[in-house]
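Notes follow once the structure below has been shown.
In this note's numbering, the protein residues as written are -19 to 106.
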């Protein structure tokens, strides 16, 4: 549900039910070809459940803009959780490859210096 689409006044249960039925028809997994239809349908059903229950809706309205009350009720783990957006194994692999490439170039440079010294010594006959 888009709670703001109802405007400044809180929607009535009838308006919520009408919008729920419209969205559930649109996002029902059997009718929608969208790959995320099942997840969206479950979210719509949960939103309908919260908004039509007087107790849950009151709590929703209260906690919606009062972050301190939300924090007090649910704690910090709900507000802040780290979730990497990339695969960790991929990042480790990239770091490993970059480190190996750097190591290879460093060793190549070191052996090139040794080879240059040997050539210079052979030419100048130390």
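The beta carbon of each residue, even a glycine, is placed where N, CA and C say it ideally should be.
Remember, it's a predicted structure, so these values are computed and weren't measured experimentally.
Exposure of residue i, with buried meaning 16 or more beta-carbon neighbours within 10 Å
{"i": "residue 34", "result": "exposed"}
{"i": "residue 31", "result": "buried"}
{"i": "residue 74", "result": "exposed"}
{"i": "residue 21", "result": "buried"}
Whole-angstrom distance between residue j and residue i, CA atom to CA atom
{"i": "residue 28", "j": "residue 68", "result": "37 Å"}
{"i": "residue 88", "j": "residue 94", "result": "10 Å"}
{"i": "residue 72", "j": "residue 65", "result": "14 Å"}
{"i": "residue 24", "j": "residue 0", "result": "7 Å"}
{"i": "residue 98", "j": "residue 90", "result": "13 Å"}
{"i": "residue 16", "j": "residue -11", "result": "31 Å"}
beta-carbon residue i near the ligand ATP non-hydrogen atom, thresh 8 Å
{"i": "residue 13", "result": "In the structure on display, the ligand ATP does not appear, and there are no ligands present to speak of."}
Where the alpha helix (DSSP H) through residue i begins and ends
{"i": "residue 19", "result": "17 to 32"}
{"i": "residue -3", "result": "-7 to 7"}
{"i": "residue 52", "result": "47 to 54"}
Practice task
Answer yes if the segment 4 to 20 comes into contact with the segment 32 to 46, meaning at least three C-beta pairs across the two stretches below 8 Å, and no otherwise.
Solution key: The segment 32 to 46 is not in contact with the segment 4 to 20.
| said: Going residue by residue through the segment 59 to 94, where are the continuous beta strand (DSSP E) segments of at least 3 residues, counting only ones entirely within it? | reply: None, since the segment 59 to 94 contains no complete beta strand (DSSP E) of that length.
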